[in-house]
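Asker: I have a structure I would like to understand better, so I am pasting it below and will then ask my questions one at a time.
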Amino acid sequence: EDYEPTLGELRAQLGPIGTIVSNSVELAVLTLGSFVSGGALGFVGGGVMGVPSTLFGKEMGSLPARLSALNSKAFTSCKSWGSLSAAFS
Numbered sequence: 010e011d012y013e014p015t016l017g018e019l020r021a022q023l024g025p026i027g028t029i030v031s032n033s034v035e036l037a038v039l040t041l042g043s044f045v046s047g048g049a050l051g052f053v054g055g056g057v058m059g060v061p062s063t064l065f066g067k068e069m070g071s072l073p074a075r076l077s078a079l080n081s082k083a084f085t086s087c088k089s090w091g092s093l094s095a096a097f098s
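When you read off a place in the sequence shown, starting at 1, and then add 9, the result is the number in this note's numbering.
As structure tokens, then:
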């Protein structure tokens, strides 16, 4: 039977520099994951919330112009939700 050490045991074997590197990598991966998941949720949420005003609003022009405006609103929402999510992780 092969023994596999736990994550806590592996971390206990690290020196001070290894601990700093390990914690920094963990923090970076966690923050990036929060930014990406918040951004995806923001893009979907911003797109859904922008549909009524963008697609059915008056004086917006042709359909490609309306879709471009919708994508712009969704992307703006994506950036803000992603930043907010990463800030609170």
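For every residue, glycine included, the Cβ atom is placed at its ideal position computed from N, Cα and C.
(1) Which residue wins for smallest C-alpha separation from residue 63, given the options 71, 70, 75 and 54?
(2) Exposed or buried, residue 36, counting other C-beta atoms within 10 Å across all chains shown (16 or more means buried)?
(3) Are the segment 79-91 and the segment 36-52 touching by the rule of at least three beta carbon pairs closer than 8 Å?
(4) Kindly indicate which residue of 55, 47, 70 and 66 has the alpha-carbon position closest to the one of residue 97.
(5) Suppose contacts are defined by Cβ-Cβ distances below 8 Å. Is residue 31 in contact with residue 23 by that definition?
(6) Going by Cα to Cα distance, which pick from 94, 43, 95 and 77 is closest to residue 56?
Answerer: On the basis of the data shown:
(1) Of 71, 70, 75 and 54, the residue nearest in Cα terms is 75.
(2) The Cβ neighbour count for residue 36, taken over all protein chains shown within 10 Å, is under 16; the residue is labelled exposed.
(3) The segment 79-91 vs the segment 36-52: in contact.
(4) Distance check between residue 97 and each of 55, 47, 70 and 66 places 47 closest, using alpha-carbon atoms only.
(5) Against a cut-off of 8 Å, the Cβ pair of residue 23 and residue 31 comes out as a contact.
(6) With distances taken between CA atoms, residue 56 lies nearest to 77 out of 94, 43, 95 and 77.
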